[in-house]
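Numbering (our numbering), first residue to last: 926 to 1274.
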């Protein structure tokens, strides 16, 4: 969690920004973090980082074109020094992945002080945007971001009290995510980031102003109805893939599912749900695109070390949290990576 001093500092920097740019990860935690800060400031521009889990030279020209006075980087695992040096703007990086050493940047990561700390970026953003408990008007956004990153927020009782139709009582994460209406709300934040850019931009603009999740799930407004139709279409495609993925579950400890869908990426969502449904298994979901395998790896026990060792000697990169990792591997090295990962998992048994 952020300290009182860090909250005060970030809030002041946000309040005094004239043209802030929010660069956020392309997932629900990243999106919710952006929404929390934007809805507090009501000014600025959001930019989802879709190309890779790192912010580097490829985005420098775009940033200079926008010409922000301050940059807030949210839930992005890697910010390269070359980007920091090139944009020449104050950067405030709020993250919870493996800590990195960088210069000339304001860096907020709870794992710097405690290597085992696990606090989603959306939880820290919620600290910044209100009192200690955050802005109650955005409670549904903060809760969704936390649950999406497999973290039960300390304010869940407040959510239950305000939104009992979404979560009637405090549940464990698996129940909340996959057996309660809250889970559909969380999936919405993931899925609305997918598809044609104009549809994604329109969806995010609506979320920037939406007053309640009921606008979507009860279709009480035209904007909410638009989001519901998009979510329903995407959820239908996802459920089809999930059904196919379940067929790959055998007696083996490893569940490996490949899919080649070129328009929609549900890799992380499939991995998360299969992990919850099969807690004794190691899940790998891999999607082949542009000569690479983009994969999500999940388990309800630590696998980060196995992933890091499996990356040795292969063309690719990856990492993440102890139980949830991602990796992008060149097609020609995929079998080598997979073999090394399997060996590491077997050694850890």
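Think of the CB as a built atom: it goes at the ideal place given N, C-alpha and C, for glycine as much as any other residue. Since the structure is predicted, the reported quantities are computational estimates derived from the model, not experimental observations.
As assigned by DSSP and simplified to three states, the class of residue i
i	result
residue 945	strand
residue 889	Past the edges of the chain, shown from 926 to 1274, lies residue 889, and the structure says nothing about it.
residue 964	helix
residue 1134	coil
residue 1253	strand
residue 1275	Nothing can be reported for residue 1275: it is not among the residues displayed for the chain, which extend from 926 to 1274.
residue 950	strand
residue 969	coil
residue 1107	helix
residue 979	strand
residue 1092	coil
residue 974	strand
residue 1228	coil
residue 1046	helix
residue 955	helix
residue 1170	helix
residue 1140	helix
residue 927	coil
residue 1054	coil
residue 1061	helix
residue 1077	coil
residue 1101	helix
residue 1264	helix
residue 919	Shown here, the chain extends from 926 to 1274; a query on residue 919 therefore has no answer.
residue 1145	coil
residue 1118	coil
residue 1237	coil
residue 986	helix
residue 1248	coil
Expected contact under 8 Å - CB spacing of residue i and residue j to nearest Å
i	j	result
residue 1080	residue 953	Actually they do not touch by this definition, with Cβ atoms about 17 Å apart.
residue 1236	residue 1262	7 Å
residue 1119	residue 1190	7 Å
residue 1082	residue 1001	Actually they do not touch by this definition, with Cβ atoms about 31 Å apart.
residue 1101	residue 1107	5 Å
residue 997	residue 968	That pair is no contact at about 12 Å.
residue 1098	residue 1075	6 Å
residue 1020	residue 1046	6 Å
residue 1090	residue 1078	The pair is not a contact, with the Cβ atoms about 18 Å apart (cut-off 8 Å).
residue 1035	residue 926	6 Å
residue 1167	residue 1184	No, residue 1167 and residue 1184 are not in contact; Cβ-Cβ is about 11 Å, not under 8 Å.
residue 972	residue 1009	Between residue 1009 and residue 972 the Cβ distance is about 16 Å, and since that is not below 8 Å, they are no contact.
residue 1103	residue 1005	Not quite, the Cβ-Cβ distance comes to about 36 Å (not below 8 Å), so this is no contact.
Chain-order list of residues whose beta-carbon lies under 8 Å from that of residue i (same chain, five-residue window excluded)
i	result
residue 1256	1213, 1216, 1217, 1218
residue 1124	1155
Own chain residues within Cβ distance below 7 Å of residue i, not counting five before or after
i	result
residue 1200	1208, 1223, 1224, 1225
residue 1259	1218
residue 1095	1081, 1082, 1085
residue 1032	1018
residue 959	947, 949, 971, 999
residue 1016	996, 998, 1009, 1030, 1031
residue 1243	1232, 1236, 1250, 1251, 1252, 1253
residue 1227	1247, 1248
residue 1266	1231, 1232, 1235
residue 1131	1148, 1151, 1152
Residues near residue i in its chain [Cβ-Cβ closer than 6 Å; skip 5 each side]
i	result
residue 1210	1182, 1192, 1195, 1196, 1221
residue 1113	1156
residue 965	1054
residue 1270	1207, 1231
residue 1275	With the chain represented from 926 up to 1274, any question about residue 1275 goes unanswered, as that position is not in the structure.
residue 1275	Lying outside 926 to 1274, the shown extent of the chain, residue 1275 is not represented and no answer is given.
residue 982	1007
residue 1141	1149, 1152, 1153
residue 944	993, 994
residue 1105	1092
residue 1240	1255, 1258
Entirely enclosed beta strand (DSSP E) segments - the region 1176-1217, minimum 3 residues: 1179-1184, 1207-1214
Length-filtered (4 minimum) alpha helix (DSSP H) runs lying within the region 989-1034: 1006-1012
Cβ contact (3+ pairs, closer than 8 Å) linking the region 977-991 and the region 1026-1034: no
The region 991-1007 in contact with the region 1033-1042 per 3-pair CB rule at 8 Å: no
Stretch-stretch touch, CB-based, cutoff 8 Å, three pairs: the region 1158-1165 with the region 1174-1181: no
At least three beta-carbon pairs within less than 8 Å, the region 1082-1096 to the region 1043-1053: no
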